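Novice:
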Amino acid sequence: MASQGDGADPEALLRNRVLNNGQVSIAALYDKDDFLCVASSTSQFDLEPNDVRKMLNGVLTFSRAEDPTAAGENGEIPRRVAVGREGAASVRIGNADRIVAELSGETFIAAPTARHILLLEGKEGASESSLETVVQLFQAG
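For reference, each letter of the sequence shown is one residue, going 5 to 145 in the numbering used here.
(1) Measuring CB atoms only, is the stretch 121 to 138 touching the stretch 27 to 34, in the sense that at least three cross pairs come out at less than 8 Å?
(2) For a test of the three-state rule: what should DSSP assign to residue 82, helix, strand or coil?
(3) Which ranges would you report for the beta strand (DSSP E) in the stretch 23 to 50 if only whole runs of at least 3 residues count?
(4) Give the DSSP bridge partners of residue 93, in chain order.
(5) Quick check on residue 137: does DSSP put it in helix, strand or coil?
(6) Have a look at residue 107 and residue 15 and give me their C-alpha separation to the nearest angstrom.
(7) Tell me the rounded alpha-carbon separation between residue 110 and residue 128.
(8) Among 56, 132, 61, which residue has its Cα nearest to the Cα of residue 27?
(9) When the cut-off is 8 Å and only beta carbons count, does residue 136 lie next to chain B?
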């Protein structure tokens, strides 16, 4: 989950690794400590810190579900995630690295790194696998 670029300028990271992909409509980086936005595309998600925290918790729930050594209750695997005023995204797949969902007909991905949480929404008709590759490359650093 750690990205080599996590120590770099968040705006530059987002611009160079995510927003330069023509299939990305909206993207943002949120700090994992306070869940505040540290970098965003011109168009922005309208999210409260608690919304971002819940998305991270959703990814962590998938992580625990895949770990047979996890102690205690795993909680329910999220079926929907709130995306602020944009509405709720229906989760299609999730794992320890990301949640891939559908938001108003478009692909929405939430993915943590060591210091940030990357959220992105694809443009109309964007390839889900291409967007997942963008996220994987971002996470790999």
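Every residue, glycine too, gets a C-beta built ideally from N, C-alpha and C.
Keep in mind the model is a prediction, meaning the values are calculated, not measured.
Specialist: On the basis of the supplied data:
(1) yes
(2) coil
(3) Along the length of the stretch 23 to 50, whole beta strand (DSSP E) runs at least 3 residues long occupy 28 to 35, 41 to 44, reported in chain order.
(4) 85
(5) Under the three-state reduction of DSSP output, residue 137 falls in the helix class.
(6) 24 Å
(7) 6 Å
(8) 132
(9) In the structure shown, chain B does not exist; there is a single protein chain.
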